[in-house]
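With the first letter of the sequence shown counted as 1, position 85 gets the number 637 in the numbering used here; the numbers rise by one all the way through.
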Amino acid sequence: QQPNADTFIQQDKTQTRGTQILAIGDIDILAQNINAEALKVDTTGKLKMSAADSINLTHGTNTENTFEKTKTIKDNFWNKTVTRTETTTASQTIEKTTVNAQEIELIAGTNSELGGILLSGVDLLAEAGINLTARTEIKTTAAKNVYHQSVVSKQKTTGFWWEDGLAIGFGV
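Shown next, in the form of structure tokens:
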């Protein structure tokens with residue numbers, strides 16, 4: 553809901569912060585399902601994720617919405633101009649999942665016919681190699697940053713116009 557005022561700014565923000573795992577040495581994660589959003593993993597050793605069913609590593613989403621309303625008045629002896637402007641801005645940026653390890657191994661579907669791997673907005677970085685194994689499918693999707701802005705401006709001028717000694721009122 554917008555405040556009833558001539559000039560104001562309203563902002564809403566959400567920010568995703570995922571789990572961060574830092575290690576010197578190997579990291580083993582074993583579970584029925586592994587689901588992580590905006591995960592940050594950094595290790596000097598090997599990262600192994602093994603799931604009986606599925607592994608889903610996805611990005612998080614940060615949002616920012618702004619609504620700004622302004623009213624300006626230019627007033628001189630002969631006329632007055634009132635300008636009202638409304639600006640709406642909406643943006644979404646991703647908070648990616650990043651895995652940095654000497655070696656990365658993701659295994660899905662060890663005890664299930666439905667095991668798959670989903671990577672959405674993910675960076676996998678490894679010096680010694682990356683191994684992705686899934687019983688059904690390995691799916692990678694892109695994450696999108698989105699920006700939208702809308703500006704509406706209305707202007708009204710009132711006053712007098714003079715010509716040959718005749719005054720004419722307008723905008724009243």
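In this text, a Cβ means the ideal position worked out from N, Cα and C, and glycines have one as well.
For Val704, the number of other beta carbons within 10 angstroms of its own is below 16, and it is reported as exposed.
Between the alpha carbons of Glu616 and Val593 lies a distance of about 26 Å. Taken in chain order, the complete beta strand (DSSP E) segments of 3 residues or longer contained in the region 578-625 are 579-583, 586-589, 592-595, 598-603 and 607-610.
Taking all protein chains shown into account, Ser606 has 16 or more neighbouring C-beta atoms within 10 Å of its C-beta and is therefore buried.
Look at Ser664 here: in three-state DSSP terms it is coil, with no helix or strand label.
A straight-line Cα-Cα distance of about 15 Å links Asn652 and Leu684.
In the same chain as Thr692, and ignoring 5 residues on each side of it, the C-beta atoms closer than 6 Å to its own belong to Leu671, in chain order. Rounded to the nearest whole angstrom, the C-alpha separation of Phe560 and Gln644 is 23 Å.
Note that the region 598-614 touches the region 652-667; at least 3 beta-carbon pairs, one per stretch, sit closer than 8 Å. DSSP places Glu638 inside the beta strand (DSSP E), whose first and last residues are Asn631 to Glu647. Rounded to whole angstroms, the Cβ separation of Glu679 and Gln654 is 6 Å, and the two are in contact under 8 Å. Taking 8 Å as the cut-off, the beta carbon of Thr610 is found closer than this to the beta carbon of Thr649. In summary, Ile646 is buried, with 16 or more beta-carbon neighbours lying within 10 Å of its beta-carbon over all protein chains present. Residue pairing from DSSP places Gln562 in a beta bridge opposite Phe619. When the five nearest sequence neighbours on each side are left out, the beta carbons in the same chain lying within less than 6 Å of the beta carbon of Lys565 are those of Glu616, in order along the chain. Excluding sequence positions up to five before and after Asp558, its CB lies within less than 6 Å of the CB of Lys623, all in the same chain and listed in chain order.
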